[in-house]
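Position 45 of the sequence shown, counted from 1, bears residue number 44 in numbering that gives the first Met the number 0, the numbering being contiguous throughout.
Idealized CB from N, CA, C, for every residue including glycine.
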Amino acid sequence: MFGGEFVPYSFNYSFVVMVLTFNGTHYKVCTGSVFHDFLVITAAHCFLEKDVVYTTHIRIRVHDSQKHYHDYLVSNLFIHPLYLEKVENDIAIVKTQTEIKSQQLSLYFDKYLPKGYFVNMQCVTLGYGLNKNVAHQDTKNIILTKIDDMRVFSFRRCLYVVHFFTTRILCVPMLNGRGPCVGDSGSAIICGGQAIGILSRGYVLGNGCQADRKGIFIYESLYRHRVWLNRTIALALEPTSFQVVSNVATRLPKDYLQSEFLIVTTCTVCQVIHSHLNDEFFNLVEQVGVCSERGIARGQLTKYLLSERC
């Protein structure tokens, strides 16, 4: 958090974790939040910026009060099926292979509240992003920082400010140059003790992270994604609902809300482990060629999901 306050590890924020994705030369840093023994919520773009993403390239780093950290291996990655880069549905859930030893953040997405309920409420956000305008040197030296006076725009004001608008987002203005920076993607905005949104992107005037920049940050609203969250959480926690057949990230088809889900393996011939999915869907998946020797090619499944036949 650029301009944020350093958070000692002795403070009660161990649910804020570092999401590390290896891109071949170094680790890309994002922020996530533990909300279940095995589950972390973060942003989809933390993973989908290369042609292929493998769960073996992802680590969830948790710090304890003694300044030590532990890296957790990942078993599954669930990305919103309609994620569109820099546009909408920038949300993902990561499942670890073993239980995460940390605190857990409460997510607000089940109970309806009026759109203006959180407006002008003082909110806090924490992340492992840059807190000054320098490049990261080593993931071991990155510190957790927070800003505890963030406020959410009203629905109408958000609509007025943001050029491309979807009802599934929250708008949070920058405070005198202070706000999220590189590495804070996927962090939660917490109002009233509950996370209400996940940081996706920002519309910022100014180069990099600096005191004189101005802008607005876009968060994915958890409440507006409640159907996807409920179904995905249930799917991730049900040991008999799916079979892990590869280390490639899981992407759920658009119609999984009515049926089951899909896992695409790394293979030369497309294989789909499916349940209660009709033949037409299976054929469509084969036609767009979402399999390759390398894994899921970026954009292919998204193209299928946005086609007229969906």
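Could you compute how far the alpha carbon of residue i sits from the alpha carbon of residue j?
i	j	result
Ile217	Arg167	10 Å
Lys110	Leu221	11 Å
Glu237	Phe34	16 Å
Tyr82	Leu129	25 Å
Ser64	Arg223	34 Å
Val314	Asn175	Residue 314 lies beyond the range of the chain shown here (0 to 309); nothing can be said about it.
Val39	Ile90	11 Å
Arg225	Leu47	22 Å
Met173	Ser186	15 Å
Leu228	Glu4	31 Å
Taking a contact to mean a Cβ-Cβ separation below 8 Å, would you say residue i touches residue j in this structure?
i	j	result
Ile57	Thr20	yes
Ile125	Tyr26	Ile is not the amino acid found at residue 125; the sequence shown has Leu there. Not a contact, by the Cβ cut-off of 8 Å.
Ser74	Gln96	yes
Ile99	Ile141	no
Ser32	Ala194	yes
Phe1	Arg177	yes
His67	Ala43	no
Val6	Thr41	no
Arg200	Lys85	yes
Tyr127	Gly182	yes
Among the options, which has the Cα closest to the Cα of residue i?
i	options	result
Phe117	Val73, Cys170, Leu72	Cys170
His62	Leu143, Gly182, Gly178	Leu143
Ile188	Glu98, Phe108, Cys122, Ser64	Cys122
Gly23	Tyr53, Ser186, Arg150, Ile59	Tyr53
Ile146	Cys180, Ile90, Ala91, Met17	Cys180
Val151	Phe37, Leu158, Met120	Met120
Val105	Met149, Val15, Val203	Before going further, note that residue 105 is Ser rather than Val in the sequence given. Ser105 has its Cα closest to that of Val15, out of Met149, Val15, Val203.
Ile362	Phe37, Lys213, Thr55, Glu219	Here the chain comprises residues numbered 0 to 309, so residue 362 is not present and cannot be evaluated.
Ser184	Gly196, Thr55, Leu76	Gly196
Which residues does DSSP pair with residue i in a beta bridge?
i	result
Met149	Cys122
Pro179	In DSSP, Pro179 forms no bridge with anything.
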